[in-house]
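37 is the number that the numbering used here gives to position 37 of the sequence shown; each next residue is one higher, with no gaps.
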Amino acid sequence: MRKDLMPEEIKFHLRDDFGSADEVLHACIRDDDVPQLRQLLRASPAPDINYSHPAFGPPLHFASWCGNLDAVDLLLAAGADALIVS
Numbered sequence: 001m002r003k004d005l006m007p008e009e010i011k012f013h014l015r016d017d018f019g020s021a022d023e024v025l026h027a028c029i030r031d032d033d034v035p036q037l038r039q040l041l042r043a044s045p046a047p048d049i050n051y052s053h054p055a056f057g058p059p060l061h062f063a064s065w066c067g068n069l070d071a072v073d074l075l076l077a078a079g080a081d082a083l084i085v086s
């Protein structure tokens, strides 16, 4: 993730968000924690891969927005809906 390219107010907001169990994939993407993301996607039951955060949309959109291509690849391989509208 290229946090160095984000405005300070966005960095601050990202630090304080993603506290619920539904948002765990978003937190991994935010933290650029690809190994943890991979582990969560393999878990049974896995978190909702298409859960849409009210501000940031589904994990796939968020990973793309963050420039986290490894996360994008993992999410698509795990079955994330590439055509979902948030």
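Glycine is no exception: its CB is placed at the ideal position from the N, C-alpha and C atoms. Since we're looking at a predicted model, the values are computed, not measured.
| query | result |
| --- | --- |
| Paired residues, beta bridge with GLY79 - DSSP | According to DSSP, which records beta bridges pairwise, GLY79 is partnered with nothing at all. |
| Proximal residues to ARG38 (C-beta, below 8 Å), its chain only, five neighbours per side dropped | LEU74 |
| Exposed unless 16 or more other CB atoms sit within 10 angstroms - verdict on PRO58 | buried |
| 6 Å Cβ shell around PHE62 - same chain, five flanking residues per side excluded | HIS26, ILE29 and PHE56 |
| Given ILE84 as reference, the closest of ALA43, ALA21 and SER52 once Cα atoms are compared | SER52 |
| Buried versus exposed, by CB contacts within 10 Å (16 or more), ALA80 | buried |
| PRO47 vs ASP22 beta-carbon contact at 8 Å | yes |
| Nearest-angstrom beta carbon gap, VAL34 and ALA71 [assumed within contact, 8 Å] | 6 Å |
| GLN36 versus SER86 - alpha carbon distance | 24 Å |
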